[in-house]
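With our numbering applied, the sequence shown corresponds to residues 3 to 375, in that order.
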Amino acid sequence: MTVCTTRRTARFTLFMVAVALPATMLANSPSASAANSLGMLGADVSTAQRALDLGATYYDANGNAKDPLDILKGAGVNYIRLRVWNNPASGYNNKAKVLAYAKTVKAKGLKLLVDFHYSDTWADPGKQYKPAAWSGHGIGQLQSDVYNYTYDVCNSLKSQGTAPDSVQIGNEINVGMLWDDGKVINNDFTNLSLLLKSGYNATKACNSATKVIIHTADADSDAHARWFYDGIKAKGVNWDITGLSYYCMWHGSLSTMAGVVSDMKSRYGKDVVIAETAYPFTSANADSTGNSVTSGCSGYPLTWSGQAANFTAVQNTARGAGAIGVFYWEPTWYAVPGNGWDPADINNSGDGWDNMAVFDWTGHLNPNIRWTG
3 MTVCTTRRTA RFTLFMVAVA LPATMLANSP SASAANSLGM LGADVSTAQR ALDLGATYYD
63 ANGNAKDPLD ILKGAGVNYI RLRVWNNPAS GYNNKAKVLA YAKTVKAKGL KLLVDFHYSD
123 TWADPGKQYK PAAWSGHGIG QLQSDVYNYT YDVCNSLKSQ GTAPDSVQIG NEINVGMLWD
183 DGKVINNDFT NLSLLLKSGY NATKACNSAT KVIIHTADAD SDAHARWFYD GIKAKGVNWD
243 ITGLSYYCMW HGSLSTMAGV VSDMKSRYGK DVVIAETAYP FTSANADSTG NSVTSGCSGY
303 PLTWSGQAAN FTAVQNTARG AGAIGVFYWE PTWYAVPGNG WDPADINNSG DGWDNMAVFD
363 WTGHLNPNIR WTG
């Protein structure tokens, strides 16, 4: 996930247009949601480290200033997701920063998911830029690059006592990663499969207990999801958990998401997680950078209660369909000057996600938000 306008435009071209979301449906009923439990109650807080370094303050529902991880844990979170970029210009979300914050995450009794983008900046369905250091490498060298980098980050975490509980080999890789060498062209998954195998093998060589997630934004369509996961399976790719992004304004109805989750679980015999979701609490904007999302979905107003109700519905639907986890994307990213979206200009770029965080513009938690197993 990223928040620049061009990325959002690309995403709209790659996926279906926003579909009105029914306010009620079977998947939200107690009988449907009781069929399973969510063991991975997650939050991607990749911008929190920078916010705290800049002096940001976070407050719980009672107005008490606390560490944001403690606040989220109190709201039900048990799993933290951190992205890692190879050599970002900002100096944040790189290996060193992830190693440092992993100590904090683990010290609080939280589990850790490391999200490899294999890029110096945002990687998502609309762009998968190679790291500059790998820019001239072909598919043969890229296999070694992915293996060595994945192993190095994983082993460095393990060596300091914070081995990742799970990793993502790529971020929203709907049509591949490390373009153009690892891009799926003419339905040919050969190169992508080689890269995914390198990442999987490196992770297991580092720590066999670490779960490998392969993540797409394909909760919009079972046909899209089958095309991708059938494609990598046919090439012999192994993975432990299927990861899907779901944002109702881009990926359609809860019932569609439920169908994809259920089919992915039964078709491949693997656990499924919603690796990203979020919902706005307002359409207003806190800074000079426009919001990435300016409208919501039918039945869920752009309010504190609407945001919480949508997140509850996503969790209930995912649980009812057989998923084992749901991660909220960047709940701590309220508009703190100097914590912009662009790693090449982090000081001057703004925050397009300030209306999607679960903390308001002064750092106070949405009192209604809960992660529920």
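C-beta atoms are modelled at their ideal positions from N, C-alpha and C, and glycine is treated no differently. Every value quoted in this text rests on a predicted model; they were computed, and no experiment measured them.
Asked                                                                                                                                                                                : Found
Just to confirm before moving on: does the CB-CB distance between residue 366 and residue 61 stay below 7 Å?                                                                         : yes
Any contact between the segment 114 to 127 and the segment 78 to 94? By contact I mean 3 or more CB pairs, one from each, below 8 Å.                                                 : yes
Leaving out the 5 sequence neighbours to the left and right, which residues in its chain are closer than 6 Å to residue 145 when beta-carbon positions are compared?                 : 196 and 200
Give the single residue among 122, 77, 69 and 369 whose Cα lies nearest to the Cα of residue 346.                                                                                    : 122
What is the DSSP secondary structure of residue 145, reduced to helix, strand or coil?                                                                                               : helix
Counting Cβ pairs, one atom from each stretch, are 3 or more of them under 8 Å apart for the segment 258 to 266 and the segment 322 to 339?                                          : yes
For residue 247, list the residues DSSP reports as bridge partners.                                                                                                                  : 278
Tell me residue 117's beta-bridge partners as DSSP assigns them.                                                                                                                     : 85 and 170
Output the boundary residues of the alpha helix (DSSP H) element that contains residue 234.                                                                                          : 224 to 236
Is the beta carbon of residue 370 sitting closer than 7 Å to the one on residue 307?                                                                                                 : yes
Ends of the alpha helix (DSSP H) at residue 313?                                                                                                                                     : 306 to 323
Can you find the residues in the same chain that come closer than 6 Å, C-beta to C-beta, to residue 167, ignoring five residues on each side of it along the sequence?               : 113 and 114
On a Cα-Cα basis, can you pick out the residue from 235, 349 and 92 that is closest to residue 124?                                                                                  : 92
For residue 105, count neighbouring C-beta atoms within 10 Å of its own C-beta (all shown protein chains included) and say buried if the count is 16 or more, exposed if not.        : exposed
Label residue 48 either buried or exposed according to how many other C-beta atoms from any shown protein chain fall within 10 Å of its C-beta, with 16 as the threshold for buried. : buried
Taking buried to mean at least 16 other C-beta atoms within 10 Å of its own C-beta, is residue 187 buried or exposed?                                                                : exposed
In the DSSP assignment, find the unbroken beta strand (DSSP E) run with residue 330 in it and report its ends.                                                                       : 327 to 331
How many Å lie between residue 43 and residue 78 at the Cα?                                                                                                                          : 7 Å
Would you kindly check if the distance between the Cβ of residue 156 and the Cβ of residue 192 is under 7 Å?                                                                         : no
Below 7 Å between beta carbons: does that hold for residue 153 and residue 208?                                                                                                      : yes
Going by other Cβ atoms of all chains shown within 10 Å of its Cβ, with 16 needed for buried, is residue 162 buried or exposed?                                                      : exposed
Pick helix, strand or coil for residue 253, following the three-state DSSP scheme.                                                                                                   : helix
Taking the straight line between their C-alpha atoms, what separation do you get for residue 305 and residue 314?                                                                    : 14 Å
Are the segment 212 to 222 and the segment 234 to 246 in contact at 8 Å, needing three or more beta carbon pairs?                                                                    : yes
Just how far apart, CA to CA, sit residue 164 and residue 107?                                                                                                                       : 9 Å
Could you spell out the range, first to last residue, of the alpha helix (DSSP H) harbouring residue 55?                                                                             : 50 to 55
Between the C-alpha atoms of residue 253 and residue 298, what's the straight-line distance to the nearest angstrom?                                                                 : 12 Å
Look at the Cβ atom of residue 227, then the Cβ atom of residue 266, and state whether they are nearer than 7 Å.                                                                     : yes
With 16 as the cutoff for other CB atoms within 10 Å, does residue 143 come out buried or exposed?                                                                                   : exposed
Tell whether a beta-carbon distance below 7 Å holds between residue 359 and residue 335.                                                                                             : yes
If you draw a straight line from the alpha carbon of residue 149 to that of residue 240, how long is it in whole angstroms?                                                          : 15 Å
Quick check on the burial criterion: 16 or more other C-beta atoms within 10 angstroms. Buried or exposed for residue 56?                                                            : exposed
Do residue 132 and residue 180 have their CB atoms nearer than 7 Å?                                                                                                                  : yes
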